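Colleague:
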Ligand SMILES: Cc1ncc(COP(=O)(O)O)c(C=O)c1O
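Numbering (the working numbering), first residue to last: 5 to 420.
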């Protein structure tokens, strides 16, 4: 690809070295042409131009905490200190912004670090937030055990019920409606466009955790959301080798607030982690296609299995969120859950008998994972409104040979 590749957000400055750009302006001149480049092209090229001095096509890992100044305050490209900005992180942040069709991206040390930073930027004690009544357990714990004692109230509401979300809003007090879609682990689907409209009608912002879908399958900012959240640990990184988080926004005033809090709180992605995540993003489109293909085959198998009482996957026509998912997602992704007819003990046995599916937390990597949400990822919601059924098993379907995945589940489901 030529150095003047027009899909790059900084194409107009392509002849200048990476570090010659003030980090805060890195997407300001994103051309109309760049906006139109295809997803896969943006995934591979956006955020970085081959290095002006060496031609390196991949951004170096800038393992530096500080930068030489040419005279006091004479910063090269605005880089001053690596908590504030680091060129490897800048490349990742530009790439994420381009993939989500936003203006600015921010990379953090984890998904929860991104979430906490965002809440600190958007809310003050006394405010209120509507949260999903089915969400990642760690997100719920953050709201219940960290933000609430600080003074931020929350009300859980089902994401699939627009009227229930509307009813949970406290006009004047609710600053944020927080959506996960599809949700973790029950794969409920929220209508991003409708919920954005109702949040905006009451003066609240809509935040969408897009971790399960990834920017390849769903772009919430194009549907009216104000902020996209990712645990980049999952599909964005894609190889189970890095923990990270991200925020992407369109509004530049909001971006400035987040930038201030990102620097002030300091829970930033390091250069090594940024590099791994950026490498993962380059193949996101291919991976998501294969995750979706394999998940569909696993769903077909489980749906016909006598030991399974329910398969939960937004791609199934009988899934209550199927129509909305079909409207706002490109495909239905690699995550699915199912319930084991014989109950919790049998569900635990299935998890333990699986061999190709690795028993473990997390999701979105190339390898298939199996877990028991009630005892693992969602143990922190036991006894709350977000408690999950004991007979539930969650799968993160990887990109292995589909027949091997099906055969593994077949043997694991022969539980006594
Ligand atoms: C949907 C969702 N959001 C946020 C997070 C938190 O991300 P992290 O573990 O990177 O802090 C997770 C983690 O599992 C998740 O599944």
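Idealized CB from N, CA, C, for every residue including glycine.
Since the structure is predicted, the reported quantities are computational estimates derived from the model, not experimental observations.
Tell me, to the nearest whole angstrom, how far the beta carbon of residue 132 is from that of residue 177; I am working on the premise that it is less than 8 Å.
Modeller: 4 Å
Colleague: Out of curiosity, what's the CA-to-CA distance linking residue 89 and residue 251?
Modeller: 15 Å
Colleague: According to DSSP, is residue 408 helix, strand or coil?
Modeller: helix
Colleague: Does the beta-carbon of residue 331, which I'm using as the reference point, lie nearer than 7 Å to any heavy atom of ligand 1?
Modeller: Outside the cutoff, so no.
Colleague: Can you tell me where the alpha helix (DSSP H) with residue 170 in it begins and where it stops?
Modeller: 166 to 172
Colleague: State the Cα-Cα distance for the pair residue 233 and residue 392, rounded to the nearest angstrom.
Modeller: 23 Å
Colleague: In angstroms with no decimal places, state the Cα-to-Cα distance between residue 79 and residue 214.
Modeller: 35 Å
Colleague: Pull up the distance between the alpha-carbon of residue 417 and that of residue 353, whole angstroms please.
Modeller: A straight line joining the alpha-carbon of residue 417 with that of residue 353 spans about 8 Å.
Colleague: What does DSSP give as the partner residues of residue 232 in its beta bridges?
Modeller: 212, 252
Colleague: Considering Cα atoms alone, identify which of 414, 159, 330, 272 is closest to residue 69.
Modeller: Per the Cα distances, 272.
Colleague: For residue 321, count the other beta carbons within 10 Å of its own beta carbon; 16 or more makes it buried, fewer makes it exposed. Which is it?
Modeller: exposed
Colleague: Using the three-state DSSP reduction, which class does residue 27 fall into: helix, strand or coil?
Modeller: Its pLDDT being 43, under 50, residue 27 is placed unreliably by the model, and the measurement read from it follows with that caveat. Residue state, collapsed to three classes: helix.
Colleague: Assuming residue 2 contacts residue 325 under a Cβ cut-off of 8 Å, what Cβ separation, rounded to an integer in Å, is found between them?
Modeller: For residue 2 there is no data in the structure shown, the boundaries of the chain being 5 and 420.
Colleague: On the DSSP bridge list, what partners appear for residue 49?
Modeller: In the DSSP output, where bridge partners are listed per residue, residue 49 has none listed.
Colleague: Looking at ligand 1, does it come within less than 7 Å of residue 221, judged from the CB to the closest heavy atom?
Modeller: When distances are taken from the beta-carbon of residue 221 to the heavy atoms of ligand 1, even the shortest one reaches 7 Å or more.
Colleague: For a test of your reading of the model: does the CB of residue 3 fall under 7 Å from any non-hydrogen atom of ligand 1? Yes or no.
Modeller: Outside the displayed range of the chain (5 to 420) lies residue 3, so it cannot be described from this structure.
Colleague: In three-state terms, what does DSSP make of residue 293?
Modeller: Note: residue 293 maps to helix in three-state DSSP.
Colleague: Using DSSP with H/G/I as helix, E/B as strand and the rest coil, what is residue 276?
Modeller: helix
Colleague: Evaluate residue 256 with the Cβ neighbour count: other Cβ atoms within 10 Å of its Cβ, from every protein chain shown; 16 or more gives buried, anything less gives exposed.
Modeller: exposed
Colleague: Report all residues from its chain with a CB closer than 8 Å to the CB of residue 36; omit the five preceding and five following residues, and keep chain order.
Modeller: Annotation note: pLDDT 45 at residue 36 (below 50); position unreliable, coordinate value reported separately. Excluding positions up to five away in sequence, the list is empty.
Colleague: Report the three-state DSSP secondary structure of residue 35 (helix, strand or coil).
Modeller: Confidence in residue 35 is poor, its pLDDT being 38 and thus under 50, which makes the residue's placement unreliable; the coordinate value appears in the next sentence. Look at residue 35 here: in three-state DSSP terms it is coil, with no helix or strand label.
Colleague: For residue 169 and residue 199, what's the separation of their Cα atoms in angstroms?
Modeller: 8 Å
Colleague: Let me know the secondary structure DSSP gives residue 11 once reduced to three states.
Modeller: Low per-residue confidence applies at residue 11: pLDDT is 31, beneath 50, and the placement is therefore not dependable enough to give any value.
Colleague: How big is the Cα-Cα spacing for residue 51 and residue 224?
Modeller: 20 Å
Colleague: How close, in whole Å, do the beta carbons of residue 311 and residue 346 come, if the pair is a contact with beta carbons under 8 Å?
Modeller: 7 Å
Colleague: Residues in the same chain with beta-carbon distance under 6 Å from residue 327, minus the five sequence neighbours each way, listed in chain order, please.
Modeller: Excluding positions up to five away in sequence, the list is empty.
Colleague: My guess is that residue 144 and residue 184 are in contact by the Cβ rule of under 8 Å, so how many angstroms apart are they, rounded?
Modeller: The Cβ separation is near 10 Å, so there is no contact.
Colleague: Buried or exposed, going by whether 16 or more other CB atoms sit within 10 Å of the CB of residue 402?
Modeller: buried
Colleague: How should residue 74 be labelled, buried or exposed, when 16 other C-beta atoms within 10 angstroms of its C-beta is the threshold for buried?
Modeller: exposed
Colleague: Quick one: is residue 128 buried, meaning 16 or more other Cβ sit within 10 Å of its Cβ, or exposed?
Modeller: exposed
Colleague: Does ligand 1 have a heavy atom nearer than 7 Å to the CB of residue 184?
Modeller: yes
Colleague: Kindly indicate which three-state DSSP category residue 220 falls into: helix, strand or coil?
Modeller: helix
Colleague: Just verifying my parser: in three-state terms, what is the DSSP assignment at residue 83?
Modeller: coil
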